[in-house]
Amino acid sequence: MTYLVGAELSDRPAGERFRALVNRPQILGIPGAHNGQAALQAKDAGFEALYLSGAAMTASMGLPDLGMITVDEVSFFVKQVARASGLPVLVDGDTGYGEALNVMHMVRTFEDAGAGAVHIEDQLLPKKCGHLNDKKLADARDMAAKVASAAKARKHLYLIARTDAAASEGMDGAVARARLYMEAGADAIFPEALNSREMFTEFAKRMPGVPLLANMTEFGRTPFFTASEFEAMGYKMVIWPVSSLRVANKAQERLFAALKRDGMTKAMVPDMQTRAELYATIRLHDYEALDASIVASVVPKAVE
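Here's what the structure looks like:
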């Protein structure tokens, strides 16, 4: 299957498909996919939706996650991940890139690029990763206005409001903000950086009937829980936002060290995706088959 054949593409908007996945009885697992290749690999593993993390996007560009990248830069990532996989993509919309009109522009741009869902957060710029300290929060009413503007701008996009209030305003503050954001038009709530099973469970109990998203990032404030454990705590979605990038980056680090040490890559070959595996993942022969004038490439035998 390739994205070039219109008959093989879904007739349903990505937002509708994402909403249908969330509405199923079981929890929706959404791995981070920082580029088109990762998106294809996640799809081949059986995942039905993908997450595009702001932290992963910026890190892949060699930048910190401080809200510096633009709507158009993110849109480039949205297009490649959605196009490559054909799956509905949840996009990290940071703080919305400004106020009401900027948020509306973001929503329209992301939806036009193929996004199925977006989340926006109640931090002030310069924003930080949700698991870092000293985050500055926007006024709850200002954030609610952003949520309302996003709801007005979307056609089908699933809208998730993230609150970082638990660290500074406690559970009462986080719940009060979440309720306000739902009233403003959010479809779901993302309570960021909860740090215990008890916190996750309490938040869910205080938001009955509201779809909730859990963030299972490594090296953060949240202990490791499985998707099934989050489901039992009352959550409908779980993301693993930067995992694919972390693994890829660590592998590249080992590669460059070996190359510098040995002057060749032979020692790293067992850890590499083969040429045949790469071509299978990116569906090279499916693309070639669309044009009878292209001769199918022959994978050369490995040289010892």
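Numbered according to my numbering, the sequence shown spans residues 61 to 364.
For glycine and all other residues, C-beta sits at the position ideal for the given N, C-alpha and C.
Predicted model, so just to flag it, every value in this text is computed and none were measured.
| Check | Outcome |
| --- | --- |
| Where the alpha helix (DSSP H) containing R222 begins and where it ends | Note, R222: premise wrong, no alpha helix (DSSP H); beta strand (DSSP E) at 218-223. |
| Best match in E278, M297, V207 for proximity to A29 [C-alpha to C-alpha] | There is no way to answer for residue 29, as the model of the chain reaches only from 61 to 364. |
| Residue of R84, F137, E133, M297 minimising C-alpha distance to A99 | F137 |
| Environment of K103 [buried if 16+ CB atoms lie within 10 Å] | buried |
| Cβ pair G106, R143 closer than 8 Å | no |
| Rounded straight-line distance, which links the Cα of R222 to that of R238 | Per the sequence presented here, residue 238 reads as Ala, with Arg not at that position. C-alpha separation (whole angstroms): 8 Å. |
| N- and C-terminal bounds of the beta strand (DSSP E) containing N83 | Element bounds for N83: n/a, residue is neither H nor E. |
| CB of L197 within 8 Å of CB of A160, strictly | no |
| Residue from D182, S135, G158, G156 with nearest C-alpha to F170 | S135 |
| Integer Cβ distance of L315 from T325, believed to fall under 8 Å | 7 Å |
| Among F284, M293, R79, Y241, the one whose alpha carbon lies nearest that of D202 | Y241 |
| Nearest-angstrom beta carbon gap, A119 and L305 [assumed within contact, 8 Å] | 6 Å |
| Spatially closest choice to S145 from G233, E68, A336, by CA coordinates | E68 |
| Spatially closest choice to G96 from K361, D125, L147, by CA coordinates | L147 |
| Simplified DSSP state of V298, which is helix, strand or coil | strand |
| Beta-carbon separation (whole angstroms), V270 vs A244, contact threshold 8 Å | That pair is no contact at about 13 Å. |
| Where L315 sits in the DSSP three-state scheme | helix |
| Helix, strand or coil at G158 according to DSSP, with G and I counted as helix | coil |
| Whole-angstrom distance between D182 and D199, CA atom to CA atom | 8 Å |
| N275 to W300 span [Cα, whole Å] | 6 Å |
| Segments of 3+ residues assigned as beta strand (DSSP E) that fall wholly inside the segment 261-290 | 273-275 |
| Exposure of H345, with buried meaning 16 or more beta-carbon neighbours within 10 Å | exposed |
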